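So the sequence lines, in the order shown, correspond to chains P and X. Counting along the first sequence from 1, when you hit position 87 you're at 207 in this note's numbering, and nothing is skipped either side. Counting along the second sequence from 1, when you hit position 122 you're at 242 in this note's numbering, and nothing is skipped either side. We put the beta carbon where it would ideally sit given N, CA and C, even for glycine. Owing to the predicted nature of the structure, the values given are computational and were not obtained by experimental measurement. Heads up, the thing below is written out as C-alpha cells.
There are 2 protein chains.
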Amino acid sequence: MTIPPTEIPARPVPRVAKELLKSSGFLLARVGIGFKTQALAKLEEWGFDPYDYSVLAILAEGAREAQATLADTLGLDPSRVVAVLDSLERRELVERQRDPHDRRRHVVSITASGKRQLSRLRTTMKELEDEFFAPLDAETRERLHELLLVLACHHDPRCAFKSQDPA
Amino acid sequence: MTIPPTEIPARPVPRVAKELLKSSGFLLARVGIGFKTQALAKLEEWGFDPYDYSVLAILAEGAREAQATLADTLGLDPSRVVAVLDSLERRELVERQRDPHDRRRHVVSITASGKRQLSRLRTTMKELEDEFFAPLDAETRERLHELLLVLACHHDPRCAFKSQDPA
DNA sequence: TATTGTTATACTCTATAACTATA
DNA sequence: TATAGTTATAGAGTATAACAATA
C-alpha cells in the first residue's frame with residue numbers, strides 16, 4: 121500500500137493555473153462559454169439550432185425583418201442566415217414573403233406556432249439561468265447583470281437599449 | 121430626396137433583442153466570447169496559438185507535468201495536446217523528457233526562454249484587460265472578479281484555489 | 001491486457017465566392 | 001451596375017479511432 125516515489129504522481133489533481141484565475145478576462149470567457157455550452161445543449165434537446173432562439177426573439181419584437189438585417193443583428197453572414205431560416209420555416213415557426221416594394225427582398229416574420237415555441241424556450245432558458253446562477257443571491261445577480269450590460273454596450277452598440285422612435 | 125414609404129426601412133439599426141439583453145446568461149456568454157476573441161487575436165499577433173498561454177502558465181507554476189495531466193487540466197483530448205506541445209517545443213519554449221520511472225511518459229517543463237515569453241504575454245494580456253474593463257472602476261472590477269470566481273468554482277472544481285500540500 | 005503518447009481518418013463548420021433575380 | 005438572397009466549393013478545425021512503445 122506504499123505509494124512509490126515517482127517523479128510525477130499518477131493522478132495529480134488537475135487545476136487551472138492560479139495566474140489565469142486572477143485574470144477577470146479569463147474567468148469571464150470561461151464562465152461565459154460554460155453557460156453557452158449548457159444553453160446550446162439544452163436547446164438541442166428540444167431540437168433547436170444555436171441561432172433559432174435569437175431569431176425568434178428578434179422577430180417577436182421587431183415583427184418583420186429583411187434577411188440582411190437579421191444577418192447584421194446576428195453578426196452572421198447572409199449565406200448562413202439562409203440555412204437557419206430554412207430550418208425554422210420547415211417547422212413553420214417563421215414565414216418568408218416577398219416584399220412587394222422590392223421583390224428581391226424576403227420579409228421574415230414569426231408565426232403563431234413560432235410564438236408558442238418561443239414561449240417554451242423562454243421558460244427553459246429561465247430555468248437554466250436559475251440553476252447556473254444559483255450560487256448568487258437575487259441582489260447579487262442583479263448587480264452582475266448591470267455590470268455585464270455595461271460591458272456589452274461598451275463593446276457592441278447593438279446592445280444599447282434605445283427606443284427606436286426617431287421622433 | 122423624399123424617402124419612399126417602403127414596408128422595411130433600407131438600413132434599420134440592427135439591435136439585439138431586448139429579451140436577450142435581459143438574460144444574464146446571454147450577456148455573460150456574449151461578453152465572455154467577446155473578450156476571448158480579442159485575446160486570441162492579440163496572441164495571434166505575437167505568433168501564439170490559443171492554448172500556448174495556458175500551457176506556459178501551468179508549467180510555470182507546476183513545474184513538470186505529464187501530457188495526460190495537461191490534457192485533463194486544459195479539458196483537451198491528449199491527441200490535441202501533442203500538436204500544442206510540438207509547436208511550443210519547436211520554438212524551444214518547453215521541453216519534453218522521458219520519465220525514467222515510466223518510460224511511456226513525457227515530462228513537460230518550461231524553458232528559460234519560455235518563461236521570458238510568458239512574461240511578455242502576461243503584460244499583453246494585462247493591457248488588453250485594462251482596455252476591456254475600462255468602463256468599470258477598480259473597485260467594481262474587483263467585485264466582478266469575485267462573482268466570476270464564485271461561478272467558475274461552482275461549475276468547475278478545477279478552478280478552486282487550494283494549496284496542493286497534502287500536509 | 002492496459003496505458004502513454006502519436007498519427008491518420010473522417011466529419012463538421014464556416015468563410016468565400018459564384019450565381020439568379022430583381023432593381 | 002449594384003443589391004438580396006441562394007447555392008456550391010474549399011479550407012480550417014476537431015473528434016474519433018487506429019497505432020507503437022512500454023508497463
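Is residue i helix, strand or coil by DSSP?
i, result
"residue 278 of chain P", "helix"
"residue 257 of chain X", "coil"
"residue 197 of chain P", "coil"
"residue 135 of chain X", "coil"
"residue 250 of chain P", "helix"
"residue 242 of chain X", "helix"
"residue 216 of chain X", "strand"
Can you tell me the Cα-Cα spacing of residue i and residue j, whole angstroms?
i, j, result
"residue 267 of chain X", "residue 162 of chain P", "24 Å"
"residue 170 of chain P", "residue 160 of chain P", "6 Å"
"residue 238 of chain X", "residue 269 of chain P", "32 Å"
"residue 188 of chain P", "residue 249 of chain P", "31 Å"
"residue 156 of chain X", "residue 177 of chain P", "25 Å"
"residue 244 of chain P", "residue 223 of chain P", "38 Å"
"residue 179 of chain X", "residue 137 of chain P", "9 Å"
"residue 186 of chain P", "residue 175 of chain P", "12 Å"
"residue 135 of chain P", "residue 226 of chain X", "19 Å"
"residue 203 of chain X", "residue 172 of chain X", "11 Å"
Strictly below 9 Å CB to CB, what residues from chain P border residue i?
i, result
"residue 226 of chain X", "Within chain P, no residue comes near residue 226 of chain X; the closest Cβ sits about 10 Å away, beyond 9 Å."
Could you work out which residues of chain P lie near residue i, taking near to mean beta carbons separated by less than 7 Å?
i, result
"residue 223 of chain X", "Within 7 Å Cβ-Cβ: nothing; residue 223 of chain X doesn't reach chain P, min ~12 Å."
For a contact defined as C-beta to C-beta under 7 Å, what are the partners of residue i on chain X?
i, result
"residue 143 of chain P", "245, 249"
"residue 152 of chain P", "148, 149, 151, 152, 153"
"residue 252 of chain P", "145"
Would you give the residue range spanned by the beta strand (DSSP E) that residue i belongs to?
i, result
"residue 229 of chain P", "222 to 230"
Ends of the alpha helix (DSSP H) at residue i?
i, result
"residue 172 of chain P", "172 to 182"
"residue 110 of chain X", "The first residue shown for chain X is 121 and the last is 287, placing residue 110 of chain X beyond what the model contains."
Run through chain X and tell me which residues come within less than 8 Å of residue i, C-beta to C-beta.
i, result
"residue 192 of chain P", "134"
Measure how close the beta-carbons of residue i and residue j come, nearest whole angstrom, since I'm counting them as under 8 Å.
i, j, result
"residue 154 of chain X", "residue 275 of chain P", "5 Å"
"residue 212 of chain X", "residue 233 of chain X", "6 Å"
"residue 252 of chain P", "residue 261 of chain P", "With a Cβ gap of about 10 Å, residue 252 of chain P and residue 261 of chain P do not count as contacting."
"residue 151 of chain X", "residue 152 of chain P", "6 Å"
Given that residue i touches chain P, what residues does it touch there, using C-beta distances under 8 Å?
i, result
"residue 181 of chain X", "137, 138, 139"
"residue 213 of chain X", "Going along chain P, no residue has its Cβ under 8 Å from residue 213 of chain X, so there is no contact; the nearest lies around 15 Å."
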